[in-house]
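Trainee: After the C-alpha cells below, expect a handful of questions from me.
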Amino acid sequence: MDERTALRALAVDLPGAGDDAAVVGAQVVTTDMLHESTDFPAGTTRYTAGWRAVGASLSDVAAMGAAATAAVAAYGAPALDEDELRAFVGGARDVCESVGAEYVGGDLDTHDEFTVATTALGDVSDDGAVLRSGASSGEVVCVTGALGRSAAGLRAFEAGDVERGNDLFRFPPRVASGVAVAPHATAMMDSSDGLARSLHQLAEASDCGFDVSWDSLPVHDAVADYAGGDGDEREMAAYFGEDFELVFTVPESDLSAVRASAPVPVTVVGEVTAEGIVADGEPVPDEGYTHASNG
Numbered sequence: 188m189d190e191r192t193a194l195r196a197l198a199v200d201l202p203g204a205g206d207d208a209a210v211v212g213a214q215v216v217t218t219d220m221l222h223e224s225t226d227f228p229a230g231t232t233r234y235t236a237g238w239r240a241v242g243a244s245l246s247d248v249a250a251m252g253a254a255a256t257a258a259v260a261a262y263g264a265p266a267l268d269e270d271e272l273r274a275f276v277g278g279a280r281d282v283c284e285s286v287g288a289e290y291v292g293g294d295l296d297t298h299d300e301f302t303v304a305t306t307a308l309g310d311v312s313d314d315g316a317v318l319r320s321g322a323s324s325g326e327v328v329c330v331t332g333a334l335g336r337s338a339a340g341l342r343a344f345e346a347g348d349v350e351r352g353n354d355l356f357r358f359p360p361r362v363a364s365g366v367a368v369a370p371h372a373t374a375m376m377d378s379s380d381g382l383a384r385s386l387h388q389l390a391e392a393s394d395c396g397f398d399v400s401w402d403s404l405p406v407h408d409a410v411a412d413y414a415g416g417d418g419d420e421r422e423m424a425a426y427f428g429e430d431f432e433l434v435f436t437v438p439e440s441d442l443s444a445v446r447a448s449a450p451v452p453v454t455v456v457g458e459v460t461a462e463g464i465v466a467d468g469e470p471v472p473d474e475g476y477t478h479a480s481n482g
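So in this note's numbering, the last one in the sequence shown is 482, and the numbering has no gaps at all.
Have a look at this one:
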C-alpha cells in the first residue's frame, strides 16, 4: 500500500495524525525519511542532501503556521566518510539558519543505502496551529512562491547540469510565510505531494471542493528550460510535487493583509467550493508524489 492508504489504515489507532505535523502542547513536531534511490538523484551533493532533508521537515513546521526552533537528523550510509558528513551537516545547519532555527545533532549509523530521517520542532502562536481541516466554501485557495522547482531540478540532474540541479534542490522552507499567513489561513499544508494532490488532501480534511484555473498557477522560471511544451509544464508545476510551497485557504477579505505580511508572492489559484475538485471545468485527478508503491 502507498503512504496515504497506510495512514488511513492507522487512523483508528492514531486519530490525531493527518496534518503536516503533530501538535503537542504549544509545539509542533514532524519527522521525514528520505532515501538515495528515490529522493537524491545522481549528482546530489551531501550538502544539498542535508539542506533538502532537514528542509523537508522545516516545511512541515511552516505548514502549521509555526516558528521553527530546532531540527535533528539520523544519517545512515554504506560508509561514514568525514567529508560527506561535514558537508551534510553544513547543509543541515545552513537551512536551519535560513529560517531562524538551530540544527542540534542527531544519530549516525551504517546502512546499505544512503538514508536520512529528520525531525523538526516549532512553536505555535497563542492562536494555535493551522490545520488542514478549516476551509469553507467561498474562500480563496492560494500558494506561495512558484511551482515546479523540484521537477526542473530533477530534469537538470538528468541533463547532466549537476550544479543547477543542486541549486534548484536547495529550496527555501516557507517558515516566515507560514507564520505570516497563519492569523488569516483557515487551512494549510505544504505542496510536497504536488498541488493537485494537496488540493485533494485539503478537500478530504475540510469536506469541501476546489475550483482552480491552470493559467493562474505561478510557475518557476526554471520549468520553461526543461519542459517539453505547455502540457509538460503543467505536469511539472501541478503534479510532480516536492516543491515545498504552502497551499492554504483564506477569506477573500483577508487577501490584502496576507499579501502585505507574506515575505514571498502569494497567488490565488482558485476558490473553495462545496464539493469536487476541478480546473477549468475539468476534474483534477488525485495524482502526485507517492512515498511508497502499491507493491
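Glycine is no exception: its CB is placed at the ideal position from the N, C-alpha and C atoms.
1) Alpha carbon to alpha carbon, what distance is there between G309 and H371?
2) Report the three-state DSSP secondary structure of T225 (helix, strand or coil).
3) I'd like to know whether the C-beta atoms of T217 and A264 end up nearer to each other than 8 Å.
4) Classify L318 as buried or exposed, calling it buried when 16 or more other Cβ atoms lie within 10 Å of its own Cβ.
5) Answer yes or no: do V368 and V445 have a C-beta to C-beta separation smaller than 8 Å?
6) What did DSSP end up calling M251 once you bin it into helix, strand or coil?
7) Buried or exposed, going by whether 16 or more other CB atoms sit within 10 Å of the CB of A243?
8) In this structure, how does DSSP classify L442 when only helix, strand and coil are distinguished?
9) Quick one: is D200 buried, meaning 16 or more other Cβ sit within 10 Å of its Cβ, or exposed?
10) Helix, strand or coil, according to DSSP, for C395 in the structure here?
11) Give the range of the beta strand (DSSP E) segment to which A274 is assigned.
12) Curious, which full-length alpha helix (DSSP H) runs of at least 4 residues does the stretch 337-425 contain?
13) When DSSP labels each residue in this structure, what does V210 get in the three-state scheme?
14) If you measure between the beta carbons of V311 and V399, is that distance less than 8 Å?
15) Among all the DSSP beta bridges, which residues are the ones paired with A304?
16) When DSSP builds the beta bridges, which residues end up paired with T297?
17) Inspect the beta-carbon positions of D430 and S337 and report whether they are closer than 8 Å.
18) Would you check if the distance between the CB atom of D473 and the CB atom of H387 is smaller than 8 Å?
19) Should the stretch 261-276 be called in touch with the stretch 291-305, which here means at least 3 C-beta pairs below 8 Å?
20) Could you please give me the residues that DSSP links to E458 through a beta bridge?
21) May I ask you to report which of helix, strand or coil DSSP gives V215?
22) Here's the rule: buried if 16 or more other CB atoms are within 10 angstroms of the residue's CB, otherwise exposed. What is V211?
23) Let me confirm a value: G482 is counted as buried when at least 16 other C-beta atoms fall within 10 Å, else exposed. Which label applies?
24) Using the C-alpha atoms, what's the distance from L272 back to Y420?
25) Between the beta-carbon of V282 and the beta-carbon of A339, is there less than 8 Å?
26) Measure from the alpha carbon of G332 to the alpha carbon of each residue in A346, A307, S364, then state which is nearest.
27) Are the CB atoms of G315 and P228 within a distance shorter than 8 Å?
Mentor: Reading off the structure:
1) 19 Å
2) helix
3) no
4) buried
5) yes
6) Of the three classes helix, strand and coil, the one that applies to M251 here is coil, per DSSP.
7) buried
8) helix
9) Note that D200 scores 48 on pLDDT, short of 50, meaning its location in the model is unreliable; the coordinates nonetheless yield the value given after this. Result: exposed.
10) coil
11) Unbroken run through A274 is the alpha helix (DSSP H), 269-285; no beta strand (DSSP E).
12) 349-356, 362-368, 382-393, 410-413, 417-421
13) strand
14) no
15) M220, A261
16) A264
17) Taking 8 Å as the Cβ cut-off, D430 and S337 qualify as a contacting pair.
18) yes
19) yes
20) V327, D398
21) strand
22) exposed
23) Residue confidence for G482 is low, a pLDDT of 32 falling below 50, so the modelled location carries little weight; the figure read from the coordinates is stated next. The residue in question, G482, is exposed, as its Cβ has fewer than 16 Cβ neighbours within 10 Å.
24) The sequence shown places Glu at residue 420, rather than the Tyr named in the question. Their backbone Cα atoms lie some 36 Å apart in a straight line.
25) Not closer than 8 Å, so no.
26) Ranking the options by Cα distance to G332, first place goes to S364.
27) No, these two residues do not count as a Cβ contact at 8 Å.
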